[in-house]
Each structure stands twice: as structure tokens, then as C-alpha cells.
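Worksheet: one structure, shown below.
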Amino acid sequence: MDTAYLIETIIKVVAILLIFSALAGIGTYFERKILAFMQRRLGPMYVGPYGLLQVAADGIKLFTKEDIIPTNVVGPIFRLAPVITAATAFMAAAAIPFFPQFTIFGYTVHPIVADINIGILYILGVMAVGLFGPLLGGMASANKFALLSAARTAAVFISYEVVSGLSILAPIMMVGSLSLIDFNNYQTGGISHWIIWTQPVAFVLFWISAFAETGRTPFHLIANDHEIIDGFGTEYSGMRWGLFFIGEYANMFFISFVIPLIFLGGYGDGSLLGALGLIGKVAFFFFFFLWTRAAWPDVRPDQLMWLCWKVLMPLAVINVVITALVMMF
Amino acid sequence: MFEAVAFYLFAFLTIAMFFIVVTTSQALFALSALAAGMIFISAFFFILGADFLGAVQIIVYTGAVMALYAFGMMFFDTTRDVKEKQGNKYIIVGLSTLAAVLVVVIFAMPMVSGNIVALYPGIDGVGNTQEIGLVLFTKYLIPFELAAIMLLVAMVAGIVLAGKKMDLSITLMNEAEIEEEKNKKVLS
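Protein chains in written order, with this note's numbering: chain A, 200 to 528; chain B, 9 to 196.
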């Protein structure tokens, strides 16, 4: 292990951490603006031009707020929970190739922190660990609504893990590798080579379970807004609550990278156009998260279970079987 | 050098976590430490180059521990300490020490006699995911399938235990009895 590799890795880690923390902040701005436009409002307008500095104002507010640890909570676990959400979101980023490799000043840069050969499995696993954050936060804070929210988290976690795993199995069988770079290289031949055309069912299933894994709106019952409080985050204040937020938005961005990389050709042949195309696809998927929030109500917990075990999981299994049969003959 | 540092770090962390699991009387501490310990174990797989097993360790055990959390939620107020019923401490300590020593002896035996041979040495140019597949579907096919059947049995048993009206069998009832059952459902 030479020094250059070590320095390069550290630079990449720091860059990803800074860029996506900042993007999480800007993501909240986009979310407010897009929700506002869809509901015929203006959204944030007062702080800076078009409310752009609202992000900075929110940041200052979160950082300077008093960090309250209520009585009766299980202190260490209560403090640890937000860190788990944020940390696992960024750990998952280690196996995502954000761009094709490029050469700068004669030095080839691979914009992926660790090209392990089980990338997609690692990402799914670490993202799943991220749901320990809401679970522990809800269970440690001595609050009935937070506890209910934790129970819902466990339900979502245990069910949708199955769907995301099974739906991704069919593309993995086709590509024959678990590395996201191999997924990308499999689809370099242009739009007609994209896996979405051969695996439309897997694509839709994975997309749905991406909503569940990030806890976004149709499955936002992890932190049920209808109870007027913030579910697992009820007892949190200041930057600890902010860490939950950063984790959620970073997860949204990372899963928005993973879906195009697996199903929609990723960065293509590695040209500049392909890289820009990947950013475009990521932007679309991120926008779709917000669009769904504006357009759809939450599902009830029993509907969520029904959808997972009686619709999505059988579909995923049938999809795997059909793919296997087609590949065999 | 990095490997040695990583090994000792994760060895220490794993043992510390499992020590917390058995000594604490706070259910939430025990469960969280268990989850952390299970995830730290995956580090050893990564250090040994078995990436696939490492990722599987993370995925399987986070899900398993999550189910334990659900039980904890159902049976305890997890923000309070659990009052444990203390039996004879010496028997517990003696038995667990004996068991631990026994496990160490069993695993140390092949090392002492110095005849550790890889039955299925790694093939060059094949990823460890494929290697596991090869071994699993040739040498260990029958244990693998048996495990699958046992899991299926456990799943069916779980459904029967948890489902409503699983003691009734429509195939064994005649028409009149089935009608009666239907009417009961409407009334209740």
C-alpha cells in the first residue's frame, strides 16, 4: 500500500463527505421549492435571492441550538442514533462510482473510494444498517410516539430488505458480477443495452424499495407526519436532529446514483457526455422523490405489509425464476 | 501493518461489545452492543479477503438483530433496567468458562498438530463470490439444501402458529360445517 494511494483515498473520502453534506443542505432547499411550486406557493423567498441563503440560515440555526438530552432517555444510545444514520449513509458511498475515471495532470483518478467486487451487496447492507438510527432513536427516547415510530421502522426494514434484495438478484444474474463498475460496463453499448429494457419489473421493484429504504413519502410512516410530531425525531433538537436529516438526504442522493448505475446505463462509455448524463439521471431520480412527496399520501402500515409480502415479493420471485429460465435456455 | 492494526482493533471492539451484551442489565444496551459486535465481526472477513461473506454477515445479522429489537420492544420497557433473576453465580461462571475453553481447544487442535490444508484452494482469477458458489453447489450441496428445507419447515410452522383459524381444515369438513363457519364469520 503506497503513500500516493493512501493520500488519494483520503482526498476522495473528504471530497465525498463535504460535497454530499452540502448537497443535503441544498437538497432541502430544492425540496421546499419544488413542493411549493406543486402546491402553488412560492416557498422560501426572504433570505437571499429566491431564498437561496435559507440553507445557510437553517444551518446556523441547527448548529447554535441547544442540544437537549431529555430526562428518562437512555443517554448513550440516544446520542449515538443520529450518528448511525449519517455515518452509514456516507459509508455506503464508498462503493459507488460517481464518475468514469479521468486523467488530471497525467494522474488517472478513479472516482470510487473502494472498488470492492461486491459493491452492490455492500451498499444495500450498509444502507440497511442506517435504519438502526431511527429504530434506536425511537426506542431510546422515552416517548410513546417515538416508540411507535421505531416499531414501524423495524417493520419497514424487515420487509423491504427482502424486496430490494430479490429484485436486484435478476440483474445480478444477467451481469454475473456484484460490482457497480461491471454493471456499468455491461451497458456501455448505448440506450438499447440498458438493463431496464430486459428487467423492467426488477427496476420498478427496486425503485419502490428505494423509497422504503430511504423512508421517503409513500413509506414516510417511519416518521409519521400525520401525528403532527416527527416520529423517532420527536425528542431530538439541534444538530442531532440535523444529522438525521443529513443522513436521509445523503441516502436519497446515493440511491439516486445506484438506480441509474444498475438499470439506466450509468455513465455510459465514460465520456464527458456520459458523466453529464449520469448527473441528469441522478437529478431526475432525486426530483422524483420530491414529486412523490407532493403527489402521494402515505400508505398505512397494514397496506405497507400487504404491498410488500403479497404483491412485491411474489413478483420479485417470479421475476427471478423467469430470468433464470430465459438464461438457461 | 495495516492488517495487524485492523485485526487488533476489531478484535478488541468485538470482545468489548459482546462483553457489554452479557454484563449489562439494560435491554437496549445489550441489543445495540450485539448489533455492533455482529457488524464488527464482518471486518475479519474483509481483512481475510472474503468480501462476499463480510457483506452477507452485515446483511443477515442486522436483519436478525432487528427482529430481536422487535421482541425487546414487545416485552420490555427498554428505557428501564431489567431486573434479572440471579441463580447460582458460580455454576454459571464455571460452565461458561468451560464452554469457552472447550471451543478454543477444538479450534486450536488442527493448528497444534500442524495439518491445516485448504481442501478447496482459491482459484486464480475467480472472485470469492464465485468460489463460494462453486463449493456450495458441489461439495456442500446436500447440507445447503437441507438447511433450505429446515428453514422452509420453520417458516410454515411460524405461519401456522401465528395465523388465525389454522386449526380448521376445510378439506376435512363437509358442506354444512363449512357453511356454519362462514356464518360465524359474518356474525362475529
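Ideal Cβ positions, reconstructed from N, Cα and C, are used throughout, including at glycine.
Please list the terminal residues of the continuous beta strand (DSSP E) segment that includes residue i.
i: A:I303; result: 301-303
Count the other CB atoms within 10 Å of the CB of residue i; is the residue buried (16 or more) or exposed (fewer)?
i: A:W396; result: exposed
i: B:E11; result: exposed
i: A:A345; result: buried
i: B:M46; result: buried
i: B:N96; result: exposed
i: B:D59; result: buried
i: B:M81; result: buried
i: A:Y385; result: buried
i: B:M181; result: exposed
i: B:K172; result: exposed
i: A:T307; result: exposed
i: A:Y321; result: buried
i: B:T31; result: exposed
i: B:M9; result: exposed
i: A:R439; result: buried
i: B:A184; result: exposed
i: B:K192; result: exposed
i: A:V362; result: buried
i: A:K232; result: buried
i: B:V161; result: exposed
i: A:R415; result: buried
i: A:Y359; result: buried
i: A:R351; result: buried
i: B:Y98; result: exposed
i: A:W393; result: buried
Would a check of beta-carbon distances place residue i closer than 8 Å to chain E?
i: B:G71; result: Going by chain labels, chain E is absent from the structure shown, which instead holds the protein chains A and B.
What are the boundary residues of the alpha helix (DSSP H) that residue i is part of?
i: A:V361; result: 343-374
i: A:P248; result: From DSSP, A:P248 is part of no alpha helix (DSSP H); its letter is neither H nor E.
i: A:V481; result: 471-494
i: A:G329; result: 318-329
i: A:T208; result: 202-237
i: A:W607; result: In the structure as shown, chain A starts at 200 and stops at 528, and residue 607 of chain A therefore has no counterpart that could be examined.
i: A:F456; result: 437-462
i: B:F84; result: Unbroken run through B:F84: none, as it is neither H nor E.
i: B:V109; result: 97-121
i: B:L159; result: 149-170
i: A:K260; result: 253-263
i: B:G141; result: 136-145
i: A:I311; result: Careful: A:I311 lies outside any alpha helix (DSSP H) and carries neither H nor E.
i: A:D529; result: In the structure displayed, chain A extends from 200 to 528; residue 529 of chain A sits before or after that span and is not available.
Per DSSP, which one or two residues make a beta bridge with residue i?
i: B:D89; result: B:Q34
Which residues, in order along the stretch 109-142 of chain B, keep a beta-carbon less than 7 Å from a beta-carbon of chain A? G135, T137
What residues in the stretch 181-192 of chain B bring their beta carbon closer than 8 Å to a beta carbon of chain A? none
Report the start-end ranges of each beta strand (DSSP E) in the stretch 266-308 of chain A that is 3 residues or longer and not cut off at the edges. 301-303, 306-308
Of the residues that make up the stretch 354-381 of chain A, which ones have a beta carbon closer than 7 Å to any beta carbon in chain B? F356, I357, E360, L377
What residues in the stretch 309-324 of chain A bring their beta carbon closer than 8 Å to a beta carbon of chain B? I315, N316, I317, L320, Y321, L323, G324
Using a Cβ cut-off of 9 Å, which residues of the stretch 247-273 of chain A contact any Cβ in chain B, in chain order? N271, V272, V273
Report the residues of the stretch 85-110 of chain B with a CB closer than 8 Å to any CB of chain A, ordered along the chain. T86, T87
Could you tell me which whole beta strand (DSSP E) segments of length 3 or greater appear in the stretch 492-519 of chain A? none
Please identify, using Cβ separations under 8 Å, the residues of the stretch 22-42 of chain B that lie next to chain A, in order along the chain. Q34, L36, F37, S40
Give the residues from the stretch 276-301 of chain A that approach chain B closer than 8 Å (Cβ to any Cβ), ordered along the chain. I276, L279
Chain A contacts from the stretch 52-78 of chain B (Cβ-Cβ distance under 7 Å): D59, F60, A63, I66, I67, T70, G71, M74, A75, Y77, A78
Between the stretch 504-526 of chain A and chain B, which residues of the former have CB atoms less than 9 Å from a CB of the latter, in chain order? none
Which parts of the stretch 14-81 of chain B are runs of the alpha helix (DSSP H), unbroken and 4 residues or longer, counting only runs that do not cross its ends? 35-55
The stretch 479-497 of chain A: which residues have C-beta closer than 8 Å to a C-beta of chain B, in chain order? none
Within 7 Å of chain B by C-beta, residues of the stretch 328-344 of chain A in sequence order: V328, F331, L334, L335, M338, A339, A341
Please identify, using Cβ separations under 7 Å, the residues of the stretch 454-475 of chain A that lie next to chain B, in order along the chain. none
By the 8 Å beta-carbon criterion, what residues does the stretch 144-173 of chain B contribute toward chain A? none
Which residues of the stretch 381-412 of chain A have a Cβ closer than 9 Å to any Cβ of chain B? Give them in chain order. none
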